[in-house]
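Chains as they are written, first to last, in numbering that gives the first Met the number 0: chain W, 0 to 153; chain L, 0 to 153. The C-beta atom is built at its ideal place from N, Cα and C for all residues, glycine as well.
2 protein chains.
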Amino acid sequence: MTINNNTFTGEYSYTLDVKGRINIPAKFRNDLTDDNEKSFVITKGMDSCIWVYPIIVWQNIEDELKKLSSLSNINRSFVRNTVRYASMVKYDKQGRIAITPKLIKYANLGKEALIIGMVNKIEIWDPGLLAKTDELSQKIDSSQFDELANKIIL
Amino acid sequence: MTINNNTFTGEYSYTLDVKGRINIPAKFRNDLTDDNEKSFVITKGMDSCIWVYPIIVWQNIEDELKKLSSLSNINRSFVRNTVRYASMVKYDKQGRIAITPKLIKYANLGKEALIIGMVNKIEIWDPGLLAKTDELSQKIDSSQFDELANKIIL
DNA sequence: GATAACTACCCACTGCTACCCATAATCTAT
DNA sequence: ATAGATTATGGGTAGCAGTGGGTAGTTATC
Numbered sequence: 000m001t002i003n004n005n006t007f008t009g010e011y012s013y014t015l016d017v018k019g020r021i022n023i024p025a026k027f028r029n030d031l032t033d034d035n036e037k038s039f040v041i042t043k044g045m046d047s048c049i050w051v052y053p054i055i056v057w058q059n060i061e062d063e064l065k066k067l068s069s070l071s072n073i074n075r076s077f078v079r080n081t082v083r084y085a086s087m088v089k090y091d092k093q094g095r096i097a098i099t100p101k102l103i104k105y106a107n108l109g110k111e112a113l114i115i116g117m118v119n120k121i122e123i124w125d126p127g128l129l130a131k132t133d134e135l136s137q138k139i140d141s142s143q144f145d146e147l148a149n150k151i152i153l
Numbered sequence: 000m001t002i003n004n005n006t007f008t009g010e011y012s013y014t015l016d017v018k019g020r021i022n023i024p025a026k027f028r029n030d031l032t033d034d035n036e037k038s039f040v041i042t043k044g045m046d047s048c049i050w051v052y053p054i055i056v057w058q059n060i061e062d063e064l065k066k067l068s069s070l071s072n073i074n075r076s077f078v079r080n081t082v083r084y085a086s087m088v089k090y091d092k093q094g095r096i097a098i099t100p101k102l103i104k105y106a107n108l109g110k111e112a113l114i115i116g117m118v119n120k121i122e123i124w125d126p127g128l129l130a131k132t133d134e135l136s137q138k139i140d141s142s143q144f145d146e147l148a149n150k151i152i153l
């Protein structure tokens with residue numbers, strides 16, 4: 000049973016093997032609807048992590064992008080930095096996806112990796128980098144943080 | 000008989016077994032509506048405790064989180080921190096849920112644990128930590144309670 | 001066209017967890 | 001008061017999840 004379809008929560012620790020493969024947590028695979036055909040789109044995240052989208056979620060993003068004018072600055076840079084590196088991956092019988100060397104390098108991944116559910120997508124992090132990023136963001140935006148928390152969390 | 004659906008009150012003392020399982024009080028289970036399918040979402044609380052939400056309550060939180068665009072830095076770190084420790088748990092035939100080692104460590108749980116109804120969610124505490132937190136909050140200026148009094152009639 | 005490199009797919013091992021059963025204590029109804 | 005039901009806790013186990021490694025078939029290179 001799942002909370003919501005194609006929706007991911009929780010943090011898991013997994014190992015990246017010498018072939019560049021990493022396991023997608025069984026929970027996440029179960030949350031994935033069948034029309035995704037066991038496939039994700041992996042790409043560069045906006046922090047130093049890898050973003051993993053279910054393909055039908057990614058399709059929505061592409062549709063939205065098509066509607067946006069290229070005159071928009073933010074749109075151009077999002078397309079350039081994110082979409083550019085996107086590639087489709089299907090997980091194997093053991094539930095693993097292969098990560099391209101470019102993305103492994105970008106996310107500074109070693110043997111240990113953290114996989115985090117981010118509601119509509121998944122993030123893959125180097126543990127050290129995530130800790131550092133966390134620390135930074137909490138120092139900077141605590142007031143905006145509280146504002147969001149008051150709005151959303153019961 | 001229940002007062003309100005998915006609404007929890009009262010304090011109960013339970014034991015965490017060696018497998019990290021803890022009983023959800025029978026009264027709370029009875030208060031849980033069927034559409035939750037015997038499932039909760041457990042996550043880090045704001046004090047050093049564990050928050051336990053009925054699934055349908057958590058779904059509202061997820062829906063709100065989905066509306067936040069990942070283009071914004073603050074949104075990304077907020078979603079990450081909110082969802083990172085959240086996982087769905089279903090209670091077994093005996094009415095127990097399994098608590099992840101990470102959360103046990105965070106809440107500093109030993110064998111004894113207090114389970115407290117917090118209206119729309121449940122809190123799990125180490126008894127010593129709760130006592131200490133209680134003591135601290137008693138010292139807080141009573142003017143803050145006066146402020147609350149303007150919002151809620153008891 | 002021969003060889004090297006790579007990738008997709010397959011198999012194997014280990015440890016854990018979800019599920020089951022057992023038992024004692026407590027509650028409930030007649 | 002007593003029998004039956006429910007609740008709280010402990011423990012065993014089959015099956016699966018996570019990980020490593022092998023190989024055949026495909027693509028790239030010279």
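Check                                                                                                                   : Outcome
Considering just the uninterrupted stretch of the alpha helix (DSSP H) at W/Ile-103, what are its terminal residues?    : 100-105
Step through the CB atoms of chain W and report whether any lies within less than 8 Å of the CB of L/Ser-70.            : Reading off the sequence shown, one finds Leu at residue 70 of chain L, where the question assumed Ser. Interface residue, yes.
For the beta strand (DSSP E) holding W/Ser-86, just list the boundary residues, first then last.                        : 86-89
Run through the DSSP bridge pairs and tell me what W/Trp-50 is partnered with.                                          : W/Thr-42 and W/Glu-122
Note down, in chain order, every chain L residue with its Cβ under 9 Å from the Cβ of W/Gln-154.                        : As shown, chain W starts at 0 and ends at 153. That puts residue 154 of chain W outside it, with no answer to give.
Which residue's Cα is closest to the Cα of L/Asp-30: L/Ile-121, L/Leu-67 and L/Asn-107?                                 : L/Ile-121
Classify W/Asn-149: buried if its beta carbon has 16 or more other beta carbons within 10 angstroms, exposed otherwise. : exposed
Who are the neighbours of L/Leu-64 on chain W, taking C-beta pairs under 7 Å?                                           : Val-118 and Ile-151
Tell me where the alpha helix (DSSP H) around W/Arg-165 begins and ends.                                                : Outside the displayed range of chain W (0 to 153) lies residue 165 of chain W, so it cannot be described from this structure.
For W/Leu-31, which of helix, strand or coil comes out of DSSP?                                                         : coil
Give me the Cα-Cα distance between W/Trp-57 and L/Thr-99, rounded to the nearest whole angstrom.                        : 31 Å
Closest to W/Ser-142 by C-alpha separation, out of L/Ala-25, L/Lys-18 and L/Phe-77, would be which residue?             : L/Phe-77
Could one say the Cβ of W/Lys-110 lies closer than 8 Å to chain L's Cβ atoms, at least one of them?                     : no
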